[in-house]
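**Q**
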Amino acid sequence: MQKYNCIIVEDEPLAAEVLSDYVKQIPFLELKGICTDAIYAMEKLQQEPVDLIFLDIHLPKLKGLDFLRSLPHPPQVIITTAYQEYALQGYEFNVLDYLLKPIEFSRFLMAVNKLKQATTATSVSMAPLPQRMHLFFNVNKKKIKIYLDEILYIESLKEYIRIITKDKSILTKFQLGQIEELLARNNFLRIHRSFIVAQDKIEAISATDVEINGQSLPIGRSYKELVMNILMR
1 MQKYNCIIVE
11 DEPLAAEVLS
21 DYVKQIPFLE
31 LKGICTDAIY
41 AMEKLQQEPV
51 DLIFLDIHLP
61 KLKGLDFLRS
71 LPHPPQVIIT
81 TAYQEYALQG
91 YEFNVLDYLL
101 KPIEFSRFLM
111 AVNKLKQATT
121 ATSVSMAPLP
131 QRMHLFFNVN
141 KKKIKIYLDE
151 ILYIESLKEY
161 IRIITKDKSI
171 LTKFQLGQIE
181 ELLARNNFLR
191 IHRSFIVAQD
201 KIEAISATDV
211 EINGQSLPIG
221 RSYKELVMNI
231 LMR
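With the UniProt record's numbering, letter number 157 in the sequence shown gets 157, and the count goes up by one each step, no holes.
(1) Reducing DSSP to helix, strand and coil, say where PHE93 ends up.
(2) What first and last residue would you give for the beta strand (DSSP E) that runs through TYR153?
(3) Would you report the Cα separation of GLU225 and LYS3, rounded to the nearest angstrom?
(4) For GLN25, verify whether its CB is less than 7 Å away from any heavy atom of the ligand ZN.
(5) What is the DSSP secondary structure of PRO72, reduced to helix, strand or coil?
(6) With DSSP run on the structure shown, which of helix, strand or coil describes ALA16?
(7) In this structure, does DSSP put LEU62 in helix, strand or coil?
(8) Could you give the residue range of the alpha helix (DSSP H) that holds LYS178?
(9) Buried or exposed: where does ALA111 fall if 16 or more other Cβ atoms within 10 Å of its Cβ makes it buried?
(10) Please state if the CB of ILE8 and the CB of ALA16 are separated by a distance shorter than 8 Å.
(11) What whole-angstrom Cβ distance do LEU14 and ASP37 have, given they're in contact under 8 Å?
(12) How many Å lie between ILE57 and ILE202 at the Cα?
(13) So, ASP51 versus ASN5, is the Cβ gap smaller than 8 Å?
(14) Helix, strand or coil, according to DSSP, for ASP209 in the structure here?
(15) Check LYS116 in the structure and name its three-state DSSP category.
(16) Go through its chain and collect everything with a Cβ distance to ILE191's Cβ below 7 Å, but skip five positions before and after it.
(17) Answer with buried or exposed for TYR22, where buried requires no fewer than 16 other C-beta atoms within 10 angstroms of its C-beta.
(18) How would you write the range of the alpha helix (DSSP H) that GLN46 sits in, first residue to last?
(19) Which same chain residues, not among the five before or five after GLU48, have their C-beta less than 7 Å away from its C-beta?
(20) Have a look at the DSSP bridge pairing and note the partners of residue 235.
(21) With a threshold of 6 Å on Cβ separation, who are the neighbours of ALA82 within its own chain once the five nearest residues in sequence on each side are excluded?
(22) Check this for me: beta carbons of LYS114 and LEU96, under 8 Å apart or not?
(23) Could you spell out the range, first to last residue, of the beta strand (DSSP E) harbouring GLN215?
(24) In whole angstroms, what separates the C-alpha of GLN84 from that of ARG193?
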């Protein structure tokens, strides 16, 4: 059986211990070290390259994503964090998976199995299929997965946002400005202080509104010039 060498980059002792225990249960993984910060991880990688990094985002000295940017030829990476808002940033680096703490073993197993799939695909010169980007939102004490390419538009309702897809609507506690930052480079455009829309879902546009799925949404006066420049080019 082929073995894959890995390291854990994690400053929280309990989280590092959980990951270490999980790794020991996977026969094809070999743990080569636990690094409490990214600087130590850099030194470790110079001494001994690995196939996989379990990477926390909130690290002392150097943040996880900045560490990832600094690597000229990074290995496969599985991000581990308690903050779902970093998911999109992680996927911009083509990470293998994104695990939200606390991490269940079943979810961990799904993530590490992707390593075998990715390396197998590479060995036969086949590129893995691009992953559909998604986010999880808290709704009625559950986490609901929403694929970004299914979103029609998002409406602000004070401290909440309503996310509209073709077949459902969910209400979750989130600021529109926060979700705007997450979606900025992913086909979404803010057209009003209360609305963000998926550009490819727009069916019609006028001087005052856009139409999506038969619903008219207003274009705010302060957004009009930018909206027209982007949509009409």
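Virtual Cβ for every residue (Gly too), placed ideally from N, Cα, C.
**A** Based on what the coordinates show:
(1) For the purposes of this step, residue 93 is taken as residue 93 along the sequence shown, with counting starting at 1. Assigned with DSSP and collapsed to three states, PHE93 falls in coil, not helix or strand.
(2) Counted from its first residue, the sequence shown places residue 153 at position 153. Taken as a continuous stretch (DSSP letters only), the beta strand (DSSP E) holding TYR153 covers 151-157.
(3) As a first step, residue 225 must be located in the sequence shown, where it is residue number 225. As a first step, residue 3 must be located in the sequence shown, where it is residue number 3. Approximately 56 Å between the Cα atoms of the pair.
(4) This structure simply doesn't include the ligand ZN, nor any ligand for that matter.
(5) Mapped onto the sequence shown, residue 72 falls at position 72. Collapsing the DSSP output to three states places PRO72 in coil.
(6) In the sequence shown, counting from the first residue as 1, residue 16 sits at position 16. Helix at ALA16.
(7) Within the sequence shown, numbered from 1, the residue matching residue 62 stands at position 62. It is coil, neither helix nor strand.
(8) Here residue 178 corresponds to residue number 178 of the sequence shown, with the count starting at 1. Here residue 178 turns out to be Gln, not Lys, going by the sequence shown. 176-183 is the span of the alpha helix (DSSP H), which, as asked, contains GLN178.
(9) If you number the sequence shown from 1, residue 111 lands on position 111. Answer is buried; the Cβ neighbour count reaches 16.
(10) If you number the sequence shown from 1, residue 16 lands on position 16. If you number the sequence shown from 1, residue 8 lands on position 8. For ALA16 and ILE8, yes; Cβs fall inside 8 Å.
(11) Position 14 of the sequence shown, counted from the start, is the residue given in the question as residue 14. Position 37 of the sequence shown, counted from the start, is the residue given in the question as residue 37. At roughly 17 Å, the Cβ-Cβ gap does not stay under 8 Å, so LEU14 and ASP37 are not in contact.
(12) The sequence position of residue 57 within the sequence shown is 57, counting from 1. The sequence position of residue 202 within the sequence shown is 202, counting from 1. About 35 Å.
(13) As a first step, residue 51 must be located in the sequence shown, where it is residue number 51. As a first step, residue 5 must be located in the sequence shown, where it is residue number 5. Result yes, Cβ atoms of ASP51 and ASN5 sit closer than 8 Å.
(14) For this step, residue 209 is matched to residue 209 along the sequence shown. Residue state, collapsed to three classes: strand.
(15) In the sequence shown, counting from the first residue as 1, residue 116 sits at position 116. The answer is helix: DSSP assigns LYS116 an H, G or I state.
(16) Within the sequence shown, residue 191 is the residue found at index 191, counting from 1. Around ILE191: VAL197, VAL210, LEU217, ILE219, GLY220, TYR223, VAL227.
(17) Mapped onto the sequence shown, residue 22 falls at position 22. Buried.
(18) What you label residue 46 is simply residue 46 of the sequence shown in a count that begins at 1. From DSSP, the alpha helix (DSSP H) with GLN46 extends over 38-47.
(19) For the purposes of this step, residue 48 is taken as residue 48 along the sequence shown, with counting starting at 1. LYS32, listed in sequence order.
(20) No information on residue 235 is available, as it lies outside the stretch 1 to 233 that the chain covers here.
(21) As a working mapping, residue 82 is identified with position 82 in the sequence shown. Excluding sequence neighbours, ALA82 sits near LYS101.
(22) Along the sequence shown, read from residue 1 onward, the residue named residue 114 stands at position 114. Along the sequence shown, read from residue 1 onward, the residue named residue 96 stands at position 96. A contact, by the Cβ cut-off of 8 Å.
(23) Taking the first residue of the sequence shown as position 1, residue 215 is located at position 215. Note, GLN215: beta strand (DSSP E), 215-218.
(24) Counting from 1 along the sequence shown, the entry for residue 84 is found at position 84. Counting from 1 along the sequence shown, the entry for residue 193 is found at position 193. Distance between the alpha carbons of GLN84 and ARG193: 24 Å.
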